[in-house]
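Residue numbers (our numbering): 120 to 313.
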Amino acid sequence: MLSAPIRILVIAALCVAGLVGLVVRESMARDNGTEVLMPMEAVDPRSLLSGHFVIISLRESIPVEEPCPTPASETPWIALAPEGEVHRFAGSAPTRDEARQIAPLVVRGAFTCSTPIVSDDPAFPGTAGWIMLDLGIDRFHTNQAEAERIDRILREQRPGEDSRVFAIVSIGEDGRARLKGLVVDGARVELGWT
120 MLSAPIRILV IAALCVAGLV GLVVRESMAR DNGTEVLMPM EAVDPRSLLS
170 GHFVIISLRE SIPVEEPCPT PASETPWIAL APEGEVHRFA GSAPTRDEAR
220 QIAPLVVRGA FTCSTPIVSD DPAFPGTAGW IMLDLGIDRF HTNQAEAERI
270 DRILREQRPG EDSRVFAIVS IGEDGRARLK GLVVDGARVE LGWT
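Encoded structure:
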């Protein structure tokens, strides 16, 4: 029988091997998925314990005249349609096949919607609504200076203007979204080990 210190070393080695395997598998899934750009917006309020990360907010405006889409189920498939260089929410469905009938690229996730405010008063034209996507990615970890720079750029964006920050999302064969990095003012900032 092995002594206690050797058993501990064997168990520790198995744990390390398991973690390395998990990282390699997720890295391969991230690299082999379909890469899409998704516009981001700033989030308020910022967490008190914000640390060295940027909060990922995949939020899109919807025009005043458009109603909120109805969610298909609690865990729907989200359909994403290309619009220029980015992909945007196109709808949701309870199954992958039904979502593919809406748009060619589908991902597991959920969404919430804020209904636009319609007004008959010419002095108040109404307010656009929004759709917030929850694809299971919520933070981009980086050094503090870079996180503060990206957060500042996000906060400078105004509603209705073109986005300056985009999430680079890899959508795997399993339908999961995995964050690869960000595009900030045209420059690619990727996740890394450094």
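All C-beta atoms, glycine included, are put in the ideal place defined by N, C-alpha and C.
Shown here, residue 221 sits in a helix according to DSSP, grouped into three states. Apart from the 5 residues on each side of it in sequence, residue 128 has no Cβ closer than 6 Å to any other Cβ in its chain. Just measuring C-alpha positions, the residue of 205, 221 and 172 sitting nearest residue 158 is 205.
Here residue 218 has 196, 198, 212 and 225 as same chain residues with Cβ atoms under 6 Å from its own Cβ, once five neighbours each way along the sequence are excluded. Under the three-state reduction of DSSP, residue 216 is assigned to helix. Its chain contains 157 and 252 as the residues whose beta carbon lies nearer than 6 Å to that of residue 177, once the 5 sequence neighbours on both sides are disregarded; these appear in chain order.
Under the 10 Å beta carbon count, residue 236 is surrounded by fewer than 16 other beta carbons and is classified as exposed. Assigned with DSSP and collapsed to three states, residue 253 falls in strand. Between the alpha carbons of residue 306 and residue 259 lies a gap of roughly 15 Å.
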